[in-house]
Ligand SMILES: Nc1nc2c(ncn2[C@@H]2O[C@H](COP(=O)(O)OP(=O)(O)O)[C@@H](O)[C@H]2O)c(=O)[nH]1
Ligand SMILES: [Mg+2]
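In the working numbering, the protein residues as written are 187 to 516.
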C-alpha cells in the first residue's frame, strides 16, 4: 500500500491491483468510468495489460424489480461465499441511479456487513450515463475485478428496463429474483426477462409470506417449463430463499455452481463468452462510429441536418444513415 498517493502510471496501477491493493482496484474502476479522453487512453492501456489475467471468475447477473430483495439476498449470499473463503465483487448496473440516489443509500445499510468484509468488494453504479455507457464501464470493471482475483463477480441490476438484457449479455449465469405477492406475480414479469433467467429465486420465503412464496414458486416452475430453454438439457431451476432467515442461500449457491459447471463441461461457457465478446465488439463499433461523428464539428453539423430531415419525414432513416456515413468516409 502506498497510502493515499494516486498511482499515475498504468503499469504501477496494474501491479498494485494484481498485488491485491483494493485502493488500486477502486482507482482503476474510477479510471474506466471516466469520460475524459486522456483517462480513456490510460484505461485502455491498463485493461490491455490486465487482459491475460481476466476470465477466471464466475460471472453472475442478479436482477429483480425494486423491492424484490436483491440487496438483502446479495448481503446474505455474499457472506455465505466469503465464509467459504471465496472472494466476491458486487458491481451494480443502474442507469437510473442518478435520479434514484435514495436506493444507493438503502443498499449501503442493507449490505453493511458485506461491505466491511475484507473478502468482498462492492461498487455502486456510475451515475449519469446511458445504458450503453454503464454497460461498457461495468464490463470493464468486471475485467478489473477478475484481474484482481475475485472468484465470483456479481453484476446486480434493477429490473426496470433494458438493463437486464445488457447484464445477461455480460455474465455466465443470469439469476432473476422475484418476491411473492405484491404485484411481482407471474403477470408482472415480462416474458422476455424470464427467458433470460438461468435460475429463478423466489425471495422472502418466510413468516407471513411463506405460503405466497410456495405458490409463486410452483407458478414460476410451471411457467418456466413452458418456455423455450436457453440451453439444451439444462433447465432453469426455481428456488425459494429467505435471506432474512438465511434459508436456501447455500442451495442457491450450489445451484449456481452446478449450472456453471455444466455449462463449462459442455463447452457452452466458452461459446457463450466468445459470442458475448463478439457482440460487445460490434456494439463498440457502433458507439465509436457515433462518437466519431458527434466529436467532429463538420460531421456533427451534417448529422444534425440529416437528422432534421428524418424527423420531418423527408428522409428515410436508413437512407439518411447511409448518406451520412458515406459523406463522412470521404
Ligand atoms: N420477510 C423478508 N423480507 C425481506 C427479505 N429480503 C428482503 N426483504 C425485505 O424486502 C424489502 C426490499 O428488500 P431489498 O433487499 O432492499 O430489495 P431490492 O430493492 O431488490 O434491493 C426490504 O424491506 C427488506 O427488508 C426476506 O428474506 N424476508
Ligand atoms: Mg437494492
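Backbone N, C-alpha and C fix where the C-beta goes; we use that ideal spot for every residue, glycine too.
Exposed is the label assigned to residue 440, since fewer than 16 other Cβ atoms lie within 10 Å of its Cβ. Ranked by Cα distance from residue 209, the first of 395, 330, 416, 355 is 330. Look at residue 255 here: in three-state DSSP terms it is coil, with no helix or strand label. Counting of Cβ neighbours within 10 angstroms places residue 341 among the buried residues, the total reaching 16 or more.
Here DSSP, grouped into helix, strand and coil, assigns residue 339 to strand. Residue pairing for residue 417: DSSP places it in a beta bridge opposite 420.
Contact check for residue 433 and residue 391: beta-carbon distance about 7 Å, within the 8 Å limit, so the pair qualifies. Around the C-beta of residue 269, fewer than 16 other C-beta atoms lie within 10 Å, and the residue is accordingly described as exposed. In the three-state DSSP reduction, residue 244 falls in the strand class (E or B). Annotation: residue 355 to residue 338 spans about 17 Å, alpha carbon to alpha carbon. With contacts defined as CB atoms closer than 8 Å, residue 514 and residue 492 fail to qualify as a contacting pair. In terms of side-chain proximity, the C-beta atom of residue 257 is found nearer than 7 Å to a non-hydrogen atom of ligand 2. Sequence-distant Cβ neighbours of residue 470 in its own chain, meaning closer than 6 Å and more than five residues away, do not exist here. Between the segment 395 to 402 and the segment 375 to 384 there are fewer than three C-beta pairs closer than 8 Å, too few to call the two in contact. For the pair of segments examined, the segment 249 to 259 was found not to touch the segment 320 to 327: the number of CB pairs separated by less than 8 Å stays below three.
With fewer than 16 other CB atoms across the displayed protein chains lying within 10 angstroms of its CB, residue 482 is exposed. Spatial neighbours of residue 437 in its own chain (CB-CB distance under 7 Å, excluding positions within 5 residues in sequence) are listed in chain order as 425.
Taking 8 Å as the cut-off, the beta carbon of residue 249 is found closer than this to the beta carbon of residue 343.
The beta carbon of residue 206 is closer than 8 Å to those of 334, 335 in its chain, skipping five residues each way along the sequence. In this structure, the CA atom of residue 225 is about 18 Å from the CA atom of residue 201. Counting C-beta pairs with one atom in each stretch, the segment 400 to 407 and the segment 357 to 368 have three or more that are closer than 8 Å, which means they touch. The nearest non-hydrogen atom of ligand 1 is 7 Å or more from the C-beta of residue 265.
In the DSSP assignment, residue 331 falls within the unbroken alpha helix (DSSP H) covering 317 to 334. Counting other Cβ atoms within 10 Å of its Cβ, residue 345 reaches 16 or more and is therefore classed as buried.
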